[in-house]
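One line per chain: the protein sequences are U and L, in this order.
Position 13 (the first sequence) corresponds to 13 in the numbering used here; numbering is contiguous.
Add 1000 to a position in the second sequence, counting from 1, and you land on the number used in the numbering used here.
C-beta: ideal position from N, C-alpha, C; glycine also.
The model shown is predicted, which means the values in this text are computed figures rather than measured ones.
Right, one structure below, let's go through it.
There are 2 protein chains.
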Amino acid sequence: MTEPANSGASNVPSLLVDRPGASDEARADILKAAAIAFNARGFEATSIDDVADVLGASKGRIYHYYRSKADIFLDLHLESLRILIDRVGSIAARPDLGPVQRVREMCFAHAIEVMTRINYQKATMLGLNRFLLSVSAPYQEAARQRVNELRDEYEDLFVRVIAKGVEAGEFRPVEPRFASKPLLGALNYVANWYEEDRDDPLDAVEQIAAALADYCVRGLTQS
Amino acid sequence: MTEPANSGASNVPSLLVDRPGASDEARADILKAAAIAFNARGFEATSIDDVADVLGASKGRIYHYYRSKADIFLDLHLESLRILIDRVGSIAARPDLGPVQRVREMCFAHAIEVMTRINYQKATMLGLNRFLLSVSAPYQEAARQRVNELRDEYEDLFVRVIAKGVEAGEFRPVEPRFASKPLLGALNYVANWYEEDRDDPLDAVEQIAAALADYCVRGLTQS
C-alpha cells in the first residue's frame, strides 16, 4: 500500500465571500462566534443577529464576509475538517513511526483538537445534512458534498494506518474500516463530556488526550 | 463495594397524558414515529403534523396522548434511558459474571440496543437541553432533570463494574469514571454510522455488537 500524499487540506474551499481584505482572522473570529451561538441555540433557532451579539460586532460586518447562516455553518464544518486533516494527516504520513505509535499520536492529536476547539467540534456534532434541507445554491451543494468527502478522507487516514498495523502483525486482524469507528467514536465523544469552561492548562489536556489515545490503541493491539 | 439494587428503571416517569386506555403500545408507536420525524427534520422544524404523517394517524390522536412536541421529545429520552437501564442494569447486577465479562456483555447489550432501536438513539443524540430552552412547565422541568439523572445513573452502571475490575486487578488501574467515557463514546457513535435501513439479520447485528464490545473491553484490560 503506497502512502498517499497528504493532499486533503490544501484544497478545502472556504465559503467566505471573496472580498479584498477578507482575512483568515476575520473568518476565524466569525466561525468561533457562530459555533458558540449554534451550540447555545441549535442551528434553526440561531440568527445572524445572535452571531453578531457573540462577536460583539454588527450584523453588517458578518454579511460582509458571509452570505447566510447556512454558509457559516457549512464553512465551520469545512474549517474544522481542514484543521483535523492538516494536523492528523501530517502524523499519518510520518514514515519514522510504526503503525501503533502512529495511531496513538493521531488519536492524541484528534483529542487535543476536540478539547482545545470544543465549540467547533460541538457545532459540527449538531449534524449537517438534517439542517440544510433548504440549501439550494449550487455552491452550497458543492460545499456540503465536500464536507462529506473530507469526513471520509479523514476517516481514511485512520483506516490506512490501522491496515498497516494489521499487515505488520502489530494490530489484531481487525477489519480496518470497522475498527476505525469505535476509535473515532471514543474520541469524538469528548465533545459531549469535556466542559468548554474547564480551562485546563495544556498539560492537563494532554494528559486526558494521552489516556484516550492509550484506550483507543489498546482496543487494536494483540493481547 | 456493595452491589446497588437495579432500581433505576422502575421509577422512570412517562409524559404520556394520564387517560383511561393510554397503552404502552400507543406510546411506543408515537415515540417511534416521532423519532423518525425528529431525525429527518431536527427538533425545531418538526411539527405534530409531521409526527402524525409518519404515524399515519391524525394530529388529534397524538394530542390524545401527549400535550406537546416537547413532551414527546422528553418522553423519548426517558423511554430510551429506561430501556437501556433495564437491559444493561440487569447484566451489571449479575453476581455470576466477573467484571471483564460483565463489561463485555454490558457493551454488547448497549450496542445491540443502539442498532435495533437506531431512531430512538439518533433522536436522543440530537441533544436535549439546547432544544428545550422554552420548556417552562414544572412537570417538564422535572422530566428534563430526570433525563439527566438517568443518564448519570446509566453511566454509573459502567463505572461501578469498571471499578470492580480495577480492584480485582483484571482491568488496568484506570480511573473508572474517566474510562467509562471513551467506552460509551465508542458505543454511542454506532448511531452515527450504522444505517437504519441495513435491516441486518440479528446474527449480523450481534456480530457487530460483539466486535465493538471486544474493542471496548480491550481498552481496559491489562496487556
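query, result
"Note down, in chain order, all residues in the stretch 165-188 of chain U with a beta-carbon under 9 Å from any beta-carbon belonging to chain L.", "Arg172, Val174, Glu175, Phe178, Ala179, Lys181, Pro182, Leu183, Leu184, Gly185, Ala186, Leu187, Asn188"
"Pull up the distance between the alpha-carbon of serine 1047/L and that of isoleucine 118/U, whole angstroms please.", "31 Å"
"Taking Cβ positions only, does alanine 1005/L come closer than 9 Å to chain U?", "Caution is warranted here: a pLDDT of 43 is assigned to alanine 1005/L, below 50, making its placement in the model unreliable, and the coordinate value is therefore given only provisionally. Chain U contact via Cβ: absent."
"Can you list, in chain order, the residues of its chain with a C-beta nearer than 8 Å to that of proline 173/U? Leave out the 5 residues immediately preceding and following it.", "Val166"
"Run through chain A and tell me which residues come within less than 7 Å of leucine 1212/L, C-beta to C-beta.", "The structure shown has no chain A; the protein chains it does contain are U and L."
"Looking at C-beta atoms only, is the number of pairs between the stretch 1173-1188 of chain L and the stretch 203-219 of chain U that lie closer than 8 Å three or more?", "yes"
"So, for valine 1066/L: in the same chain, excluding its five sequence neighbours on each side, which residues have a beta-carbon less than 8 Å away from its beta-carbon?", "The sequence shown places tyrosine at residue 1066/L, rather than the valine named in the question. For tyrosine 1066/L, where only same-chain residues beyond five positions count, the Cβ hits under 8 Å are Leu1015, Leu1016, Val1017, Ile1030, Ile1072, Asp1075."
"Using a Cβ-Cβ cutoff of less than 8 Å, which residues in the same chain neighbour serine 1058/L once the five nearest sequence positions on both sides are dropped?", "Ala1052"
"What's the gap between the Cα of glutamate 24/U and the Cα of isoleucine 112/U?", "Reading off the sequence, residue 24/U comes out as aspartate, not glutamate. Whole-angstrom Cα-Cα distance: 22 Å."
"When burial is assigned at 16 or more other CB atoms within 10 Å of the CB, is leucine 55/U buried or exposed?", "buried"
"How would you call glutamine 207/U, buried or exposed, if buried means at least 16 neighbouring beta carbons within 10 angstroms?", "exposed"
"Secondary structure at phenylalanine 43/U, three-state DSSP: helix, strand or coil?", "coil"
"Mind checking if arginine 117/U is an interface residue toward chain L, Cβ cutoff 9 Å exclusive?", "no"
"Output the distance between the C-alpha atoms of valine 100/U and phenylalanine 171/U, rounded to the nearest integer angstrom.", "8 Å"
"Suppose contacts are defined by Cβ-Cβ distances below 9 Å. Is valine 88/U in contact with alanine 191/U by that definition?", "no"
"Name the residues in the stretch 1039-1057 of chain L whose C-beta lies less than 9 Å from a C-beta of chain U; which are they?", "Asn1039, Ala1040, Arg1041, Gly1042, Phe1043, Glu1044, Ala1045"
"As an exercise, report each continuous beta strand (DSSP E) stretch of at least 3 residues that is fully enclosed by the stretch 1031-1117 of chain L, in chain order.", "none"
"Buried or exposed, going by whether 16 or more other CB atoms sit within 10 Å of the CB of tyrosine 120/U?", "buried"
"Buried or exposed: where does leucine 1212/L fall if 16 or more other Cβ atoms within 10 Å of its Cβ makes it buried?", "buried"
"Taking the alpha helix (DSSP H) that glycine 165/U falls in, what are its first and last residues?", "138-167"
"Going by other Cβ atoms of all chains shown within 10 Å of its Cβ, with 16 needed for buried, is serine 1007/L buried or exposed?", "Residue placement at serine 1007/L is poorly supported in this model, since its pLDDT is 45, which falls under 50; the coordinates still yield a value, given next. Classification for serine 1007/L: exposed."
"Looking at C-alpha atoms only, which residue of Pro201/U, His77/U, Trp193/U is the closest neighbour of leucine 126/U?", "His77/U"
"Cβ closer than 9 Å: which chain U residues qualify as neighbours of arginine 1082/L?", "The premise fails here: arginine 1082/L is roughly 20 Å from chain U at the closest Cβ pair, so nothing lies under 9 Å."
"Per the DSSP calculation, phenylalanine 171/U is bridged to which residue(s)?", "Thr221/U"
"Between the alpha carbons of glutamate 44/U and lysine 69/U, how many angstroms are there, rounded?", "9 Å"
"Does the distance from the C-beta atom of alanine 1026/L to that of alanine 1123/L stay below 9 Å?", "no"
"Assign tyrosine 1139/L to one of two classes, buried (16 or more other C-beta atoms within 10 Å of its C-beta) or exposed (fewer than that).", "exposed"
"Confirm, please, whether the CB-CB distance from leucine 1081/L to valine 1147/L is below 9 Å.", "yes"
"Is the Cβ of tyrosine 1215/L closer than 9 Å to any Cβ of chain U?", "yes"
"Buried or exposed: alanine 1204/L, going by 16 or more other Cβ atoms within 10 Å of its Cβ?", "exposed"
"Tell me which same chain residues have a C-beta within less than 7 Å of the C-beta of alanine 109/U, skipping the five on either side of it?", "Arg87, Val88, Ile91"
"Cβ of isoleucine 255/U within 9 Å of Cβ of glutamate 153/U?", "Since the first residue of chain U shown is 1 and the last is 223, residue 255/U is not available in this structure."
"Distance, Cα to Cα, aspartate 49/U vs glycine 98/U?", "49 Å"
"In whole angstroms, give me the CA-to-CA distance for leucine 158/U and alanine 209/U.", "Before going on, a small fix: residue 158/U reads as phenylalanine here, not leucine. Phenylalanine 158/U and alanine 209/U: Cα-Cα distance of roughly 17 Å."
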